[in-house]
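In this text, residue positions in the sequence shown follow my numbering: the first is 4, and each later residue adds one.
Every residue gets a Cβ at the ideal spot worked out from N, C-alpha and C, and that includes glycine.
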Amino acid sequence: MGKRRGAVSGLSLFAKEAFGDQLLTPSALNDSSAPPSKRRKVELLRSSRGRYDATGLVPFYREEEEVPAELRKYFSQRLRLFSLYPRGALLDPVGWFSVTPEAIAANIAERCRCDTILDAFCGVGGNAIQFALRCERVIALDTSTTRLRLARHNAALYGVADRIEFILADYVDFARSYASLLTQTMRGSGNTATDSVHRKIDVVFLSPPWGGPGYIDGAPHPEYSLRDIQPIPGKELFDLTRQITPHVAYYLPRNVSMEEVAALLPEKIEVEEQWMGNKLKAVCCYFGGLVSGQEDMW
Ligand code: MGP
């Protein structure tokens, strides 16, 4: 365990342990009821994507005129979102407004380097791809079949689809099941947090829905409250996650209430501003062994 990188091994059993028969396997993503894929004649691209190709599931925009008005601002940043966008990266509307820009995702992934990381709300895969380039195992959860398929398609463009286990699941349900499994295992074995099951997830990355692009609307600089995080309030989400691992990275709005962030934990927290050029995009809060100077917590 820990901040090492080794050879890729078979992907985890832990999701099966947590969910039992309810686990929706990656094959559930090959949804036959999904719209048929419109295959474009781009043979080189097809061969690199292979079976994960989701072309046709959502539109691939080439020109600004094709893009719905509400998405144009994001389309103009497409190369910052995915540098490989021109090779066919795909985003749905939620992906367009919430994906982490690639350089920021890479910076966060560098901080989170470890064996096994769980991306709790993977969306169209911007973070999971960068984790896969640096960690041994990535488990990516989302409740949207479409977004999981887009994430896997995008991961294939970056050559890392097979390093990520995509799971169609609600993170809150998953985390509750997993936390209860940990408690049972610890009770059964008499062990503490060093228990073997506990070691299976080193870091959890939380990039939850903030309530849409309007999170920053209103008076000049309204403060964003963690209460507005979805699907459950941000403090509850954090407390639940800390039952899985102490090492948490939490991606939050640039206008988040720092008082509320500071109140999450009586221990040291590190808040890193995430800039693109001269624009502050978001903040990432680090906990446990992800905090500089606390590496001994690993
Ligand atoms: P933004 O403020 O909507 O965009 O999102 P931008 O381009 O800074 O807008 P401008 O009009 O202020 O120039 C900034 C960043 O926040 C995006 O790049 C996303 O990474 C992230 N982001 C935005 N939303 C609405 C969400 C969200 O709901 N969840 C998560 N996890 N990230 C989001």
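Can you find a heavy atom of ligand 1 that lies under 7 Å from the Cβ of I219? Taking the sequence shown and counting its residues from 1, the one referred to as residue 219 is at position 216. Yes - ligand 1 has a heavy atom lying nearer than 7 Å to the Cβ of I219.
C-alpha gap between A109 and L185, whole angstroms: Along the sequence shown, one-based indexing puts residue 109 at 106. Along the sequence shown, one-based indexing puts residue 185 at 182. Distance from the CA atom of A109 to the CA atom of L185, rounded to whole angstroms, is 30 Å.
Just the Cα atoms here: how many angstroms apart are K203 and T248? Residue 203 sits at position 200 when you count from the first residue of the sequence shown. Residue 248 sits at position 245 when you count from the first residue of the sequence shown. When only Cα atoms are considered, K203 and T248 end up about 9 Å apart.
Taking only three categories from DSSP, how would you classify T103? Translated into positions along the sequence shown, residue 103 becomes position 100. Coil.
Taking Cβ to Cβ, would you say G98 is nearer than 8 Å to G126? Position 95 of the sequence shown, counting from 1, holds the residue named residue 98. Position 123 of the sequence shown, counting from 1, holds the residue named residue 126. Yes, the pair counts as a contact, with Cβ atoms nearer than the cut-off.
Check for me: the beta strand (DSSP E) holding M279 runs from which residue to which? Sequence index remark: in the sequence shown, residue 279 carries index 276 (1-based). In the DSSP assignment, M279 falls within the unbroken beta strand (DSSP E) covering E273 to M279.
Between P225 and ligand 1, is there a pair consisting of the residue's CB and a ligand heavy atom that are separated by less than 7 Å? In the sequence shown, residue 225 corresponds to position 222, counting from 1. Checking every heavy atom of ligand 1 against the Cβ of P225, none is found closer than 7 Å.
Contacts around V286, its chain only, beta-carbon distance under 7 Å, and the 5 residues preceding and following it disregarded: In the sequence shown, the residue the question calls residue 286 occupies position 283. If we look at V286 and ignore the five residues flanking it on each side, its Cβ neighbours are L255, R257, V259, V274, E275, E276 and Q277.
Spell out the partners DSSP gives C288 in its beta bridges. The residue given as residue 288 occupies position 285 in the sequence shown. C288 pairs with Y253 and V274.
Relative to ligand 1, is the shortest distance from any of its heavy atoms to the C-beta of V175 smaller than 7 Å? For the purposes of this step, residue 175 is taken as residue 172 along the sequence shown, with counting starting at 1. Outside the cutoff, so no.
Pick from E73, P96, N130 and G128: whose alpha carbon is nearest that of V61? Position 58 of the sequence shown, counted from the first residue, corresponds to residue 61. That would be P96, whose Cα lies nearest to the Cα of V61.
Classify Y88 as helix, strand or coil using the three-state DSSP reduction. For the purposes of this step, residue 88 is taken as residue 85 along the sequence shown, with counting starting at 1. Y88: helix per DSSP, three-state reduction.
Taking DSSP as the reference, what is the three-state secondary structure of Q297? For the purposes of this step, residue 297 is taken as residue 294 along the sequence shown, with counting starting at 1. Assigned with DSSP and collapsed to three states, Q297 falls in coil, not helix or strand.
For the alpha helix (DSSP H) that E262 lies in, which residues bound it at each end? The residue labelled residue 262 in the question sits at position 259 within the sequence shown. Residues M261 to A265.
DSSP state of R116 mapped onto helix, strand, coil: Along the sequence shown, one-based indexing puts residue 116 at 113. Coil, per DSSP.
Quick one: is the Cβ of P104 within less than 7 Å of any heavy atom of ligand 1? Looking up residue 104 in the sequence shown gives position 101. Indeed, a heavy atom of ligand 1 lies less than 7 Å from the Cβ.
Quick one: give me the first and last residue of the beta strand (DSSP E) that D145 is part of. Translated into positions along the sequence shown, residue 145 becomes position 142. For D145, the uninterrupted beta strand (DSSP E) segment begins and ends at R140 to D145.
Taking the alpha helix (DSSP H) that E239 belongs to, which residues open and close that run? For the purposes of this step, residue 239 is taken as the residue at position 236 of the sequence shown. Residue range G237 to R245 is occupied by the alpha helix (DSSP H) that includes E239.
Can you tell me whether P236 sits near ligand 1, meaning its C-beta is under 7 Å from at least one heavy atom of the ligand? In the sequence shown, the residue the question calls residue 236 occupies position 233. If you check the C-beta of P236 against ligand 1, you find no heavy atom less than 7 Å away.
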